[in-house]
Structures are given as structure tokens and as C-alpha cells.
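First residue of the sequence shown: 1048, per my numbering; consecutive thereafter. All C-beta atoms in this analysis are idealised placements derived from N, C-alpha and C, irrespective of residue type, glycine included.
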Amino acid sequence: MADLEIRNLHVRIDETEILKGLNLKINKGEVHAIMGPNGTGKSTLAYTLMGHPGYEVTDGEILFKGQDLLELEPNERSVLGMFLAFQYPVAIPGVTLANFLRSALNARRKAVNPEDKGIPVPEFRKFLKAKMDLLKMDHSFAGRYLNDGFSGGEKKRAEILQMATLQPEIAILDETDSGLDIDALRIVSEGVNTLRGPEMGVLVITHYQRILNYIKPDYVHIMLAGQIVESGGADLALHLEEHGYDLLREKYTA
Ligand SMILES: Nc1ncnc2c1ncn2[C@@H]1O[C@H](COP(=O)(O)OP(=O)(O)OP(=O)(O)O)[C@@H](O)[C@H]1O
Ligand SMILES: [Mg+2]
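Have a look at this one:
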């Protein structure tokens, strides 16, 4: 069984069915990309995986490390190693980025080992500085309130810093490339590449082939109207970039 296995997933928001029988398997060590037009349900998939209460699963199942993910609360999913970098990160004025990350890290450590007393502050500072260096972030960032007044690109970097801190087993990046300038795209991608490895699986949700030049995917999936309709290798993204969605739409909505 795959580390993350999504079978026949149906998800509804209010009365509308958004995901209509989605299947996907991701193993640690693999990088998957999902591409698809606006409104096909990519973020819906990401939110459903994290357990957002507004998304109602009406059919299908999700197994994460052999456990029924849908039975778990969002924090339990996080502790188990699931991570989502949001398409639209929220601001939390009054909570510094450093404090937020330390709390998140400590919660995860405590769940792994109930005896854990939390990472000592000096050790955490060193740890965080190293991660920020990796992402070429100014250290003063750590003292700012979470996402409060951050530019679009800064928010995305803060998300990747959070990922670097939590070291998840499955990381979902929802349009982490949008809003990044060319340098930031490279730096964030390098950050992800440094973190990727046999212990982490990554799902990159993106509209553009460009980020996949940096974060080389093992698999590319195309999503249309709530389903994955085609899967292939990295060349599928190139093909899509060239031809657009029209041919696929004709093929799958006929
Ligand atoms: N809270 C909500 N209430 C009502 N409809 C919603 C809500 N959230 C999402 N939807 C609808 O669900 C559909 C899928 O949205 P979703 O955000 O998953 O698309 P997406 O594939 O991520 O699109 P994009 O590429 O624009 O980010 C859209 O039609 C959207 O309007
Ligand atoms: Mg989206």
C-alpha cells in the first residue's frame, strides 16, 4: 500500500459536488504534480487532505500510513506528518513567525514522544536560522507577526519555512509558485529540493510548467472537473503547456 492512498474520493461543498471520484497514490520519496484549470478542485483536494471542516467527504477513502485519515482531526493529521502550504496563507497578528513555528514543532515532538519537554529556545533559534539561511530569508523575519503585511512572495517563503521546520512525510504545496519573482521561485524550489528525499513525498499543485523545471516531478497528473483524467511523467506538463486543456476537455467531457 502507498504511504498516501486516495480512493474514489467524492467531496461536496454546501450542495455542490466538487471532487467526483478522485484516485491518487503518493509514496514518500516521490514528487507528484497536479495541474488543472481554475475551479477543478485542486485546492479542495488539498483542504480535504488537511481536514478542513467545510469540505464534506460523501464517498471514498483516504489512507495515510495505513490509517484512516478521515477519522483524524487536522492537528492529528499534521502530527502524523501531513503538511499543507496554503494557496492563500492567513495572517495572525500578535503571533511572531518564530513563536508560531516553535509551537508547531513542539506539538509535533510531543505527539511523537509525550515525555518531550519541547525544544530549548536557544537550540530552536539556531535551528530556525539554519532553515532561514537555506531559504535565503532575512533573520528579522522570525520576529515579525505571522504573514501580517508579508508580501505575496514572503508568505510563500514563510510556508516553506514552516515545511522545513516540521519536516513532514507528505507535503502539499498549493500554488506555492504563484506570486514568486524569478529569484524567489528558484530559492523556494531549491529549498524544496533540499528537503525532498526518501523520507518525504511532495504534491505540487501548479498552473505552470516553470516550477517543474526546478522541482522535477516523478509524476504529473491532470485534473479536470473533480477527477484526475491523465497521469504521466514530467513530459506531460510540457505537452500541456504546449496544447492547453481544450483537447483534454473534448476528450473527457464528451
Ligand atoms: N467555500 C466554498 N463555497 C462555495 N464554493 C466553493 C468554496 N470553495 C470552493 N468552492 C468552489 O469549488 C470549486 C473548486 O474550487 P477549488 O478552489 O478547489 O479549485 P482549484 O482547482 O484550486 O482552482 P484554482 O486553480 O483557481 O486555485 C470552485 O468552483 C469553487 O468556486
Ligand atoms: Mg486552488
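- Distances from the CA of residue 1288 to each of 1082, 1059 and 1145 were compared; the closest alpha carbon is that of 1082.
- DSSP links residue 1051 through a beta bridge to 1073 and 1111.
- With a cutoff of 6 Å, residue 1089 counts as near ligand 2, since its C-beta is closer than that to a heavy atom of the ligand.
- Residue 1274 has its alpha-carbon roughly 19 Å from the corresponding atom of residue 1097.
- Following the DSSP letters along the chain, one finds residue 1132 in no alpha helix (DSSP H) but inside the beta strand (DSSP E) bounded by residues 1129–1132.
- Straight-line measurement puts the Cα of residue 1054 at about 12 Å from the Cα of residue 1104.
- Secondary structure of residue 1164 (DSSP, three-state): coil.
- A Cβ-Cβ contact shorter than 7 Å links residue 1093 with residue 1131.
- Collapsing the DSSP output to three states places residue 1247 in a strand.
- Beta-bridge pairing by DSSP links residue 1277 to 1269.
- Within the same chain, and ignoring the five residues on either side of residue 1140 in sequence, the residues whose Cβ sits closer than 6 Å to its Cβ are 1192 and 1195.
- In the structure shown, the three-state DSSP call for residue 1101 is coil.
- Secondary structure at residue 1172: helix, using DSSP grouped into helix, strand and coil.
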